[in-house]
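To start, the structure itself, in structure tokens.
Protein chains: 2
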Amino acid sequence: MATLAPLQHGSLGEALARLRETIAPLSATGSPCAVEKALGGLLFQDITARRNVPHYRASAVDGYALKALTTAGASPARPVNLTPERYSWVNTGGIVNACYDAVIMVEDTSLNDEILLVSKPLTVGANVRPPGEDVMKGQVIARRGDPVTPQLQALLRAAGVEEIPLRTLPRTLYLPTGDEIVSPDRADLLIEGTVPETNSTLLRGLFQQWGYPLDVGDILPDDFMKLRRAIESAIDHYDLILVGAGSAKGKRDHTAEVFSSLGEILFRWVRTRPGRPAMAAKIKGKPVVCMPGFPMSSAVIAFAIVYPLLRHLEDRWDEGEGSLFSQATGTLVLEEAELLMSHSSSPGVEEWLRCQVAQIGGRKFVWPIAGGASSMWAMAEADGLVIIPEEKLECPKGMQVLLHRVKKVSLTNRILFQGSNDPALERVGSYLRSRGADMVLRSVGSVAGLAALARQEGHVAACHLIDPQTGRYNDSYIERFQGDATWRRVLLFFRQQGLIVAKGNPKEIRSVDDFARSGVILVNRQPGAGTRVLLDHLLNEHGIAPVSVQGYGKQCLTHLDAASRVAAGLADVALGIRSAAEAMDLDFLPITEEPYELVYPDIHENHPGIVALLSVLSDPQWRAEVEGLGGYRWND
Amino acid sequence: MATLAPLQHGSLGEALARLRETIAPLSATGSPCAVEKALGGLLFQDITARRNVPHYRASAVDGYALKALTTAGASPARPVNLTPERYSWVNTGGIVNACYDAVIMVEDTSLNDEILLVSKPLTVGANVRPPGEDVMKGQVIARRGDPVTPQLQALLRAAGVEEIPLRTLPRTLYLPTGDEIVSPDRADLLIEGTVPETNSTLLRGLFQQWGYPLDVGDILPDDFMKLRRAIESAIDHYDLILVGAGSAKGKRDHTAEVFSSLGEILFRWVRTRPGRPAMAAKIKGKPVVCMPGFPMSSAVIAFAIVYPLLRHLEDRWDEGEGSLFSQATGTLVLEEAELLMSHSSSPGVEEWLRCQVAQIGGRKFVWPIAGGASSMWAMAEADGLVIIPEEKLECPKGMQVLLHRVKKVSLTNRILFQGSNDPALERVGSYLRSRGADMVLRSVGSVAGLAALARQEGHVAACHLIDPQTGRYNDSYIERFQGDATWRRVLLFFRQQGLIVAKGNPKEIRSVDDFARSGVILVNRQPGAGTRVLLDHLLNEHGIAPVSVQGYGKQCLTHLDAASRVAAGLADVALGIRSAAEAMDLDFLPITEEPYELVYPDIHENHPGIVALLSVLSDPQWRAEVEGLGGYRWND
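Same order as they appear, the protein sequences are chains V and F. When we follow this note's numbering, the leftmost residue of the first sequence carries the number 1, and every step to the right adds one. When we follow this note's numbering, the leftmost residue of the second sequence carries the number 1001, and every step to the right adds one.
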């Protein structure tokens, strides 16, 4: 067969098809396993019973063994009387001796001294289980391909089967590579510029969930010959090799050269996001897949290529409940939901969104969690995946999408928070959990939070919005947004707002006036954030034009994000709360103290999530945690 | 609180409610676990990141690190030129040194000798991931109650977390009891009257599927003090004790006495079938459940009482997808189907039927597998469970029921065989499997099989029916049943019918004439079985009235069942096929050779199951197996 040119920039489906066309399923083999350890395995051969079950004439009831002939003509009115040598007590499961051929239930008899009164005639064999009644020696009791269930395990042991041949699973090796990669066990090697190797942790977990074994090799440096030798020496011992090859362009080229030198590249680049730099080759007839380095990219290729490939190698492509995608991702439920926010997808690529879900009234909403392919947080935090097909570019707010939900979520007990960001709220989660509820947080800013409440797209919001006209907080904004509805307000705490600057304040920033100084770089917050409203108000008061502030255009979504840019030397100053400065060990110059209010429509006041949230707010343990963050003063 | 009288003969729901009212959930505790081994566990506490991810200023792209200020005004038309000391190559994930504050993508640059031409202006921080961009040191990255997923494992390791506290699971001990029970590992103890202890195998498997630990104690004899001491010494170390207490009445009383002597009986007898003899007590505040001895009875109590009780002890009653019943039984799918046969349920008990399922045209059928509570075969072979509620008594054929299907079944590739019984067909299973198909067998007899085909309630039938008028086989029956449809016939083989008698033929049975002899006991087959038709024909020919044949009324559904009763001494003779006699090592006196024909409607001729079946019939390996059974002659 002529070798095809490598598929370049194909879809995931095309890439997988190329693998299936090119790589043959493995010939099935089996290996012996003790019955007790075989749960979940697949039988490699038919199993026959080694003995009869039951293996002797057993009574099916509690009663008296006797000869059926001796009961002829018995009736309740005219019972037959049997002397002791003509009957014998037997428990359920007990032996019916050869001198008897039936058992009468104790309920159909009475004893008068030692005479048994039998009130019912029996036929030969009544209530006697002959040997092999359940299964007979030599009978096929399980067939090749059957999964081993607890019920089958019990039957096998009853039938005298100790060991069974299980279908051997494909053997996979994962080879992490990269000069910058170090084992997460070696904290001493984790310096600036090195990255802990955690993709093997992800893959080990996925393989464990899928029920396949995975070996992980030592970390290889970016060295052509070392990678080549590692693949060459492993290829005979494995059915599939995965190479974790980093995302830098140079490394990918290097891996491609190794693959080409050993075999035939099947596909390179895939029209998916993340996951684009995936590649696969056929080396000595076996599949070798290059996994992109970013965690989510690696997960996408694991779900969309590796799992289906394992099923193909086993020749079990069509088996199983649900799609291969659902099996691979561990999808619990498929549910339609509407996008909470518009999403611009890239042209010509299928996009995998890690989403959260919430339900408000009868509407179910999903939204992608912020974070690129590198974000392990977004991957771990997602409730499920939404796939945007490549023909879709603009996904408007409200568009119906299909969520592959992988986590158990109680939609009736979960509330959606949209509003102002505060680290104190991020600490609420486990307190809600212990009250049977759950909250998902979207830090969209004070104004956007109130607007979401008004659109009935959130259960609860929070705001700290100064009215530049009056200097009063929140009132005018809330009145404007609530319209005819009734909203409840809870003044949660006062918090200190001020200037977050590097430790020791090297740029000697003293007030907002310094923002206009040359060489001072600000990191800003998004429009509609309470802190942004305050900043614009302060700039206005100080007569500073935004265009004269370097970094005014750089926006962060949370206080901690802004502070982290100061800590990293990417900005000199941010307006933000004290707790963010303290968390990052930065200096803080207080400017004002502002009220931070929770707001929720009264229609949600009996929602289990709102009830739980209100209870948490007065929980002394949570309050102590918040006080530890710094810069908070309670209202009461 | 006053002690309630034990609930007697309550429903499963009432029994469970009594447990929940009386036994408090456990206070949650945690124990440390290495992240790598924690998959599937539940976090006992919130987990915070031990380090920033990333932990240094990392480039988000492949490109050149530089100062953003140096790119001011750059455009493709007027690129900015940078000398080598003003930029530095950086890979994705590489360090952005403190002397730089942005990274330009390689695509937005070109190199001219050593001069970097930059065609795009950058802002400070562009393409730089600040430390903690993904997660920040001290941030809550997983909350109490979160399940440990592969994605979370990877995040935890990236964030420097090595060990996490997992919620401790309830500890359960199973105590098998009974003088007749022996370990299945001790074949030497397995004599007549002893039974291998396999309920612990079943329970171990179920607990493994559920994700709970289970310890199994040594087998205890039926001894009041020994059982009492075993419970007393275990009760402080376990959260739940299960006592496997046999099904004989005496034993149950004995277990009840032990329970009463140590604590308070909560319920006794449950209105379910099987499972009726279940019982539970509260001993030192802990639940102790008596599991009935029959395997299916034990399974019912495990599904309906033990699993929900474990969830209650964990205080996780309401969590999870699907009902507790579905979780306990491992239900993959709930499907409506019609009963293939009428079923009489017992009054006042909920009945658990172990069912198989098949689909013919658009109709989905289920039927219970024969076998009582003692049948491990029926338990292992079932595709799922149908629960008949206690108010239902007569369940007519065609009634819609709900199948909790626990096995993966390809309904499109499965065929339903209804017809004459032959061991050769029982050997077809794995050959069909290897061809991607599947067949379920119902040995209903030749006439009932043809009638089922006529009602479109089977894909294929088999018959060997002599026409007493003509002495010809099958033709007249098939013509009568097929009506206007077109049925295909496949003459599979000829097989020997004759008299099956005990080894050595102690009763000296020579012909059908001996059936009328006093002291000779027959075991018969059901009306409509081809063998029964033949028997009645032979009796008629020999001038013997059925009433004069002892055992004429005792019916078996298969040749092997009939033969096993001869082997067990419960009958002296059966009419049946040679292979059944040989399987049971009995003597066989041939009477005739009969054609055994498969019949299927032509509408099914392209059904994958029929196609596979026809292919198996000429498979030399299957044919060799059949020849080994004895008494078969091929048509070709």
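Even glycine gets a Cβ: it sits at the ideal position worked out from N, Cα and C.
Cβ-Cβ separation, residue j to residue i (assumed contact under 8 angstroms), whole Å
i: Val-959 of chain F; j: Leu-1332 of chain F; result: For residue 959 of chain F there is no data in the structure shown, the boundaries of chain F being 1001 and 1636.
i: Ile-1509 of chain F; j: Val-1520 of chain F; result: 6 angstroms
i: Leu-586 of chain V; j: Lys-503 of chain V; result: 6 angstroms
i: Leu-1026 of chain F; j: Leu-1313 of chain F; result: 5 angstroms
i: Gly-458 of chain V; j: Gln-418 of chain V; result: 4 angstroms
i: Ala-1065 of chain F; j: Asn-1097 of chain F; result: 6 angstroms
i: Pro-1546 of chain F; j: Leu-1557 of chain F; result: That belief does not hold up - the Cβ atoms of Pro-1546 of chain F and Leu-1557 of chain F are roughly 19 angstroms apart, past 8 angstroms.
Inter-residue spacing [alpha-carbon to alpha-carbon] between residue i and residue j
i: Glu-114 of chain V; j: Ala-74 of chain V; result: 18 angstroms
i: Gly-348 of chain V; j: Gly-10 of chain V; result: 10 angstroms
i: Ala-1280 of chain F; j: Ser-1297 of chain F; result: 15 angstroms
i: Arg-1171 of chain F; j: Tyr-1238 of chain F; result: 5 angstroms
i: Glu-1021 of chain F; j: Pro-1147 of chain F; result: 28 angstroms
i: Cys-1355 of chain F; j: Met-1376 of chain F; result: 13 angstroms
i: Gly-1041 of chain F; j: Leu-1082 of chain F; result: 54 angstroms
i: Thr-29 of chain V; j: Arg-167 of chain V; result: 6 angstroms
i: Leu-1617 of chain F; j: Arg-1363 of chain F; result: 27 angstroms
i: Ala-1038 of chain F; j: Trp-1210 of chain F; result: 16 angstroms
i: Gly-445 of chain V; j: Met-399 of chain V; result: 23 angstroms
i: Ala-328 of chain V; j: Met-225 of chain V; result: 33 angstroms
i: Gly-1063 of chain F; j: Thr-1092 of chain F; result: 8 angstroms
Nonlocal neighbours in the same chain, by C-beta distance under 6 angstroms from residue i, ignoring five residues either side
i: Ala-612 of chain V; result: Leu-432, Arg-435 and Ala-437
i: Leu-152 of chain V; result: Ala-142
i: Val-1626 of chain F; result: Ala-1424 and Tyr-1632
i: Asn-1505 of chain F; result: Asp-1587
i: Gly-1602 of chain F; result: Before going on, a small fix: residue 1602 of chain F reads as Asp here, not Gly. Hits under 6 angstroms: Thr-1486 and Arg-1488.
i: Leu-242 of chain V; result: Tyr-174, Val-289 and Met-291
Per DSSP, cross-strand counterpart(s) of residue i
i: Ser-579 of chain V; result: Ser-579 of chain V is not bridged to any residue.
i: Leu-1190 of chain F; result: Answer by DSSP bridge pairing: none, since Leu-1190 of chain F is not bridged.
i: Asn-524 of chain V; result: V:Gln-555
i: Trp-1269 of chain F; result: Paired residues: none, contrary to the question.
i: Cys-1355 of chain F; result: F:Pro-1368 and F:Gly-1384
i: Val-1053 of chain F; result: F:Val-1135
i: Met-1279 of chain F; result: F:Arg-1268 and F:Cys-1290
i: Ile-1164 of chain F; result: F:Cys-1033
i: Gly-1063 of chain F; result: F:Val-1090 and F:Met-1105
i: Ala-1142 of chain F; result: F:Ile-1047
Listed by chain order, chain F residues near residue i by CB distance under 7 angstroms
i: Tyr-56 of chain V; result: Glu-1192 and Gly-1193
i: Val-53 of chain V; result: Met-1376
Cβ-based neighbour list, residue i, same chain, cut-off 8 angstroms, excluding 5 preceding and 5 following
i: Gly-1138 of chain F; result: Thr-1048 and Ala-1049
i: Asp-1484 of chain F; result: none
i: Ser-183 of chain V; result: Leu-189, Pro-196, Glu-197 and Ile-219
i: Asp-1315 of chain F; result: Pro-1025, Leu-1026 and Ala-1028
i: Ile-466 of chain V; result: Arg-472, Tyr-473, Gly-530, Val-533, Leu-534, His-537 and Glu-594
i: Arg-51 of chain V; result: Lys-137, Ala-159 and Gly-160
i: Leu-411 of chain V; result: Val-357, Ala-358, Gln-359 and Lys-364
Contacts of residue i in chain V (Cβ-Cβ under 8 angstroms)
i: Ile-1141 of chain F; result: Trp-377 and Ala-380
i: Arg-1171 of chain F; result: Result: empty, since nearest Cβ-Cβ is about 19 angstroms, beyond 8 angstroms.
Interface residues of chain V facing residue i [CB-CB closer than 9 angstroms]
i: Gln-1153 of chain F; result: Thr-198, Thr-201, Leu-202, Arg-204, Gly-205 and Ala-380
Cβ neighbours of residue i in the same chain (closer than 7 angstroms, five flanking residues each side left out)
i: Ile-1591 of chain F; result: Gln-1497, Gly-1498 and Leu-1499
i: Met-379 of chain V; result: Pro-295, Met-296, Ala-299 and Arg-354
i: Leu-513 of chain V; result: The sequence shown places Asp at residue 513 of chain V, rather than the Leu named in the question. Taken in chain order, the residues that qualify are His-542.
Beta-carbon neighbours of residue i, restricted to chain F and to distances below 9 angstroms
i: Glu-637 of chain V; result: In the structure displayed, chain V extends from 1 to 636; residue 637 of chain V sits before or after that span and is not available.
Proximal residues of chain C, C-beta to C-beta of residue i below 9 angstroms
i: Val-444 of chain V; result: No chain C appears in this structure, whose protein chains are V and F.
Where residue i meets chain V, residues with beta-carbon distance less than 7 angstroms
i: Ala-1637 of chain F; result: Because residue 1637 of chain F is not part of the residues shown, which for chain F are 1001 to 1636, the question remains open.
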